[in-house]
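Quick mapping for you: the protein sequence lines, in order, are chains A and B. Offset between the first sequence (1-based) and our numbering: plus 1. Offset between the second sequence (1-based) and our numbering: plus 311. Yeah, the Cβ is synthetic: ideal placement off N, Cα and C, and Gly gets one too.
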Amino acid sequence: MPPVYRGTFGKPQAERLLWRAGFGPRPGEAERLARLGLDGAVRSLTRPGRERLKGPRPHDDRGHALAPLDKWGHDQLWWLDRMVRTTRPLHERMTLVWHDWFATSRDGVGPARLMLNQNRLFRRQGLGSFHTLLKNVTRDPAMLLWLSGVDNEKGSPNENYARELMELFTLGANRGAYTERDVREQARALTGWRYSWNDDLGPVRFRYDKRRHDTGMKRVFGHRGRFDWEDSVRLCVHHRLHPSFFVGKLWSYFIPVAPKPATKRALQQLYVRSGYQIRPVVEAILRHPTLYNGPRMVKSPVLYTAGLLRGLGRGIDTDAWTWLGSLAGQQLFYPPNVAGWDDSRWLDTATFRARWEIAGYAIRPRVLKDDAKHVPAHADKLVARALALLGDPTLTAQTEKALMRFAKRSLADADAGWKKRQYPPLIENALRQLLASAPDLQTC
Amino acid sequence: MASCHHCDEFSRISFLRRGAAEAGRGLPAIEPGMPQPAGTGLDRRSFVAGAFGLALSVYGLGKLGLFEEGIAQAASGPAQPVLVSVFLPGGADSLSMLYPALDPTYHKLRPTLALPESAGPAFSEDSRLHWHPSLQPLATLHAEGKVSVLPAVGYTHPDQSHFTSRHFWEVGATNARLASGWMGRYLDHHGVKDNPLQGLSLDYQLQPSLASLKVPVASLAAPDEYTFGAPGVWGEVEHRMLQTLAPLGAHRPDPFLNQAAKTTAQSDRLRRQLAPFAADSDHGYGSPVAYPEVNDSFPRQLSGLAAMLAAKLPLRCVAITAPGEYDTHSDQPQALADGLDVTARSLLAFQRDLEARGLADRVLTLVWSEFGRRGEENGSGTDHGAAGTAFLIGKRARGKMVGEFPGLTSGLDNDGNLRPTSDFRGVYCSLLEQWLGADASAVIPGARSFSRPKLVS
Numbered sequence: 002m003p004p005v006y007r008g009t010f011g012k013p014q015a016e017r018l019l020w021r022a023g024f025g026p027r028p029g030e031a032e033r034l035a036r037l038g039l040d041g042a043v044r045s046l047t048r049p050g051r052e053r054l055k056g057p058r059p060h061d062d063r064g065h066a067l068a069p070l071d072k073w074g075h076d077q078l079w080w081l082d083r084m085v086r087t088t089r090p091l092h093e094r095m096t097l098v099w100h101d102w103f104a105t106s107r108d109g110v111g112p113a114r115l116m117l118n119q120n121r122l123f124r125r126q127g128l129g130s131f132h133t134l135l136k137n138v139t140r141d142p143a144m145l146l147w148l149s150g151v152d153n154e155k156g157s158p159n160e161n162y163a164r165e166l167m168e169l170f171t172l173g174a175n176r177g178a179y180t181e182r183d184v185r186e187q188a189r190a191l192t193g194w195r196y197s198w199n200d201d202l203g204p205v206r207f208r209y210d211k212r213r214h215d216t217g218m219k220r221v222f223g224h225r226g227r228f229d230w231e232d233s234v235r236l237c238v239h240h241r242l243h244p245s246f247f248v249g250k251l252w253s254y255f256i257p258v259a260p261k262p263a264t265k266r267a268l269q270q271l272y273v274r275s276g277y278q279i280r281p282v283v284e285a286i287l288r289h290p291t292l293y294n295g296p297r298m299v300k301s302p303v304l305y306t307a308g309l310l311r312g313l314g315r316g317i318d319t320d321a322w323t324w325l326g327s328l329a330g331q332q333l334f335y336p337p338n339v340a341g342w343d344d345s346r347w348l349d350t351a352t353f354r355a356r357w358e359i360a361g362y363a364i365r366p367r368v369l370k371d372d373a374k375h376v377p378a379h380a381d382k383l384v385a386r387a388l389a390l391l392g393d394p395t396l397t398a399q400t401e402k403a404l405m406r407f408a409k410r411s412l413a414d415a416d417a418g419w420k421k422r423q424y425p426p427l428i429e430n431a432l433r434q435l436l437a438s439a440p441d442l443q444t445c
Numbered sequence: 312m313a314s315c316h317h318c319d320e321f322s323r324i325s326f327l328r329r330g331a332a333e334a335g336r337g338l339p340a341i342e343p344g345m346p347q348p349a350g351t352g353l354d355r356r357s358f359v360a361g362a363f364g365l366a367l368s369v370y371g372l373g374k375l376g377l378f379e380e381g382i383a384q385a386a387s388g389p390a391q392p393v394l395v396s397v398f399l400p401g402g403a404d405s406l407s408m409l410y411p412a413l414d415p416t417y418h419k420l421r422p423t424l425a426l427p428e429s430a431g432p433a434f435s436e437d438s439r440l441h442w443h444p445s446l447q448p449l450a451t452l453h454a455e456g457k458v459s460v461l462p463a464v465g466y467t468h469p470d471q472s473h474f475t476s477r478h479f480w481e482v483g484a485t486n487a488r489l490a491s492g493w494m495g496r497y498l499d500h501h502g503v504k505d506n507p508l509q510g511l512s513l514d515y516q517l518q519p520s521l522a523s524l525k526v527p528v529a530s531l532a533a534p535d536e537y538t539f540g541a542p543g544v545w546g547e548v549e550h551r552m553l554q555t556l557a558p559l560g561a562h563r564p565d566p567f568l569n570q571a572a573k574t575t576a577q578s579d580r581l582r583r584q585l586a587p588f589a590a591d592s593d594h595g596y597g598s599p600v601a602y603p604e605v606n607d608s609f610p611r612q613l614s615g616l617a618a619m620l621a622a623k624l625p626l627r628c629v630a631i632t633a634p635g636e637y638d639t640h641s642d643q644p645q646a647l648a649d650g651l652d653v654t655a656r657s658l659l660a661f662q663r664d665l666e667a668r669g670l671a672d673r674v675l676t677l678v679w680s681e682f683g684r685r686g687e688e689n690g691s692g693t694d695h696g697a698a699g700t701a702f703l704i705g706k707r708a709r710g711k712m713v714g715e716f717p718g719l720t721s722g723l724d725n726d727g728n729l730r731p732t733s734d735f736r737g738v739y740c741s742l743l744e745q746w747l748g749a750d751a752s753a754v755i756p757g758a759r760s761f762s763r764p765k766l767v768s
């Protein structure tokens, strides 16, 4: 078995777990989770009760209910709302993992209906069997459109899906796992899918049509047979180099440094012995010492946004998150390409400013007016109040010191009566902004 | 599937631009409904910073420090050549930008779209061709020897996907997997570690051609929009808040926490560099020439760019997207004329601005599109093609055509698309070697195999 974390499991550890395996804590949630201990905490995430959506119902800027199928951007708001309100954060997080792993963009698909169906598939099967998930992804209409599965027919095979199936989904490039010939032969095995066009709905009736399938002999990874799409998927999952690819890629979503060889071997064994189940591998990763002792991770823009809203106890009440998300470099349902988002490039001067804007938009409804009463003129109290508003995140000493110094100096600037009255609420507002955009909250 | 299932991208991008424009306004320093604070030093002060020719407005005394700091940081170091890349998104129609007015094949292929001979000015370097009427401003610059025309630029085995072909141009290779942009790689070799402005994406997101692997680059839609406001914070407290970015951005032991801190520090540095422009948001950029007044940010971005160069900000490579939508599958005449009109008038104003400010020797502008369009029209528009048209603009541009117009008889490939007579990778090699003074082989994969047109005089 892979090693298990044996250190203290207190609030900071529970906080980290909630960020890595979900979308951050609600107020008090990290303390509650810490009381369960590591095993109980992990189980509460991987085996939660029935899903409930807690908190205010989502609406757009005009107060209208979300219309994810019809209104532009509402698909993204709809999903963000689930991230913010779900009581099954790991399931939602895995949905996001699969959205990146099987990165499908609405740019190449069209109707939101097909994207949301795919999204439901990820949510329903995100912790089950990878083999089953992959089968359902292979015949998923959004994927069939996105990677040309419906253009792949007997006589004129299209290699798009076959290549990514092996390169990005199951085996990895440049590992000697497959050849260009395997790509061509897999494309033949995958032939047969088609759909119809409906002037109102667009693409409909996705189906397997035997007449479009190439029934001839194929040779894949050295095996010969009259393979079809299910064989194609099975051959990939049973490939000797699949478990190492799967484990390495899954790990990277939770921990930013590669696992040691022994850990990786143990995780591969766990994966194969469980019959290609996802949940046991995720559980082992969430219990691994490196998750708690290792370095922090940069939050993706979506994680950052959803986490701020969870900490604030705020629901979706504005459309702004759609364009703010794209400014910050992550627009749900529009990954940049089939390889998904590049999480080494989340932070630059433009996306940092976008995150600053996100922080400002998140705290904006709670802004204090400069005539606000009962705002203490004490630096430590002001910092504590700002922390409390954002759900009491654990801070590094360096950040806390910078905030304290800011508060003290600003209070000292108040050299006139009106300043002494107005500055404390201004300082409080500024502390919230600084805190929400500090490096501590950009990472987890 | 429809012939262009990625074309939705263009409407989506316009939506994002609208959204982003909202963001660009930034958070107001004062919430609506909040009383104007008296005596807080927020009175607007406008004055002219003579040395830089900038009309400046500065809020509060606190900001004066930042203003001086920004200029001081910027003004150090010798002036270096600047390359500006202007992208015409969607695949602009080469056979309209420079059209073979009297070629009977042109009229046969384009029964409804063909432009009459009298519509646009003659192109002096090839009697077969005329400029699109909206490109008159470029014809003017061409007559002054400041425009090199590439009438059919592309690459062999053309890819007709917007994404793929644009990607090839951006990375400087026909390699779908290359992750860094060609200008980004140039900066990786010749840039520095602490100047994000060296690679400037005048956009809400990084233009991929600037994506670097080692050195920082910046993106901002306009220099006056790189501001950091916060709701309910103003005056001295705002000033102190922004000063806190520096300690928050100081080194951290954890590598990823440090990455976030480093980005904070870089953003803070960029903010200081641009502080004079942020303070100037309600005014022009002190431009000595008039830019087109249109409902598009492009002319304003170019005038901001000229002002940044005049303020000696350390820019090297700049990338920007031109106004207009060039993916003209339908309704081509109006869409193309409108887009080219704003683009060309703005580029002319930019050139005149640089000349008036004495910067014309330092700047070359490359205008390009991911491909041209099909020779044969589809009724009211044209589908994706192969070779496209590019322009190199600037006082130091050689002003001579690069490659010839291949004609419509033997010049079309099996798909009915224009064949290239120059290769974009050769153009990049020339720009790197002749303009930026760099070793092209370190930047462009397979550089040795491309012939270098003479581009710079």
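Excluding the five sequence neighbours on either side, which residues of its own chain have a C-beta within less than 6 Å of the C-beta of residue i, listed in chain order?
| i | result |
| --- | --- |
| B/Gln347 | Its pLDDT being 24, under 50, B/Gln347 is placed unreliably in this model, and the value from its coordinates should be taken loosely. Here the set comprises nothing. |
| B/Gly381 | Low per-residue confidence applies at B/Gly381: pLDDT is 45, beneath 50, and the placement is therefore not dependable enough to give any value. |
| B/Leu670 | Leu620 |
| A/Val98 | Tyr254 |
Report the neighbours of residue i on chain A: residues whose CB is nearer than 8 Å to its CB, in chain order.
| i | result |
| --- | --- |
| B/Val503 | Here the premise fails: no neighbours, minimum Cβ distance about 15 Å. |
| B/Ala529 | Asp349, Thr350, Ala351 |
Among the candidates the options, whose CA atom is the shortest distance from the CA of residue i?
| i | options | result |
| --- | --- | --- |
| A/Glu181 | A/Met167, A/Leu191, A/Thr171 | A/Met167 |
| A/Gly361 | A/Ala340, A/Val376, A/Pro4, A/Ala437 | A/Ala437 |
| B/Thr485 | B/Ile755, B/Leu616, B/Arg496, B/Arg763 | B/Ile755 |
| A/Leu309 | A/Thr87, A/Gly38, A/Phe24, A/Asp152 | A/Phe24 |
| A/Met405 | B/Ala648, B/Asn569, B/Pro558, B/Ser762 | B/Pro558 |
If you draw a straight line from the C-alpha of residue i to the C-alpha of residue j, how long is it?
| i | j | result |
| --- | --- | --- |
| A/Arg53 | A/Arg89 | 8 Å |
| A/Leu146 | A/Arg114 | 13 Å |
| A/Glu32 | A/Thr9 | 13 Å |
| A/Leu292 | A/Pro257 | 9 Å |
| A/Tyr254 | B/Ser476 | 31 Å |
| A/Ala321 | A/Arg410 | 34 Å |
| B/Asp535 | B/His562 | 28 Å |
| A/Gln434 | A/Glu358 | 9 Å |
| B/Val678 | B/Leu461 | 10 Å |
| A/Leu442 | A/Val205 | 44 Å |
| B/Ile324 | A/Leu348 | At B/Ile324, the pLDDT of 36 sits below 50, so the modelled position is not reliable; the number obtained from the coordinates is stated separately. Each residue's alpha carbon lies about 21 Å from the other. |
| A/Asp318 | B/Val544 | 23 Å |
| A/Arg121 | B/His418 | 53 Å |
| A/His289 | A/Thr306 | 26 Å |
In chain order, what residues of the same chain have a beta carbon less than 8 Å from the beta carbon of residue i, not counting five sequence neighbours either side?
| i | result |
| --- | --- |
| B/Ala655 | Ser445, Leu446, Gln447, Pro448, Leu449 |
| A/Leu268 | Pro3, Val248, Trp252, Pro260, Val282, Ala285, Ile286 |
| B/Leu517 | Val528, Ser530 |
| B/Glu666 | Lys706 |
| B/Ala390 | Lys623, Arg673 |
I want to verify the contact list: residues of chain B whose CB lies under 8 Å from the CB of residue i, in sequence order.
| i | result |
| --- | --- |
| A/Met298 | Phe567 |
| A/Gly361 | Leu338, Gly540, Ala541, Pro542 |
Tell me which same chain residues have a C-beta within less than 7 Å of the C-beta of residue i, skipping the five on either side of it?
| i | result |
| --- | --- |
| B/Leu377 | At B/Leu377 the pLDDT is 37, less than 50, meaning the model places this residue with poor confidence; the figure from the coordinates comes in the next sentence. Once the five neighbours on either side are set aside, the close Cβ partners of B/Leu377 are Arg583, Ala586. |
So residue i contacts chain B; which residues on that side make the cut at Cβ distance below 9 Å?
| i | result |
| --- | --- |
| A/Val339 | Within chain B, no residue comes near A/Val339; the closest Cβ sits about 11 Å away, beyond 9 Å. |
So with CB distances below 7 Å, who are the chain B contacts of residue i?
| i | result |
| --- | --- |
| A/Trp357 | Phe539 |
| A/Thr400 | Leu559 |
List, in chain order, every chain A residue whose beta-carbon is nearer than 9 Å to that of residue i.
| i | result |
| --- | --- |
| B/Trp545 | Asp371, Leu427 |
Which chain A residues sit within Cβ distance under 7 Å of residue i?
| i | result |
| --- | --- |
| B/Ser578 | Thr350, Phe353, Arg354 |
Exercise for the section: For the region 401–475 of chain B, list the beta strand (DSSP E) runs that are entirely contained and at least 3 residues long, ordered along the chain. Expected result: 409–411, 440–442, 458–465
Problem - Contained beta strand (DSSP E) runs [length at least 3] in the region 616–701 of chain B, N- to C-terminal order - result: For secondary structure counted as the beta strand (DSSP E) over 3 or more consecutive residues, the region 616–701 of chain B holds these complete runs in sequence order: 628–632, 674–680.
Practice task
Would you list, in sequence order, the uninterrupted alpha helix (DSSP H) runs of no fewer than 4 residues that lie entirely inside the region 305–386 of chain A?
Solution key: 321–328, 350–364
Exercise for the section: Quick one: which unbroken alpha helix (DSSP H) runs of 4-plus residues sit fully inside the region 141–209 of chain A? Chain order, please. Expected result: 142–147, 161–165, 181–190
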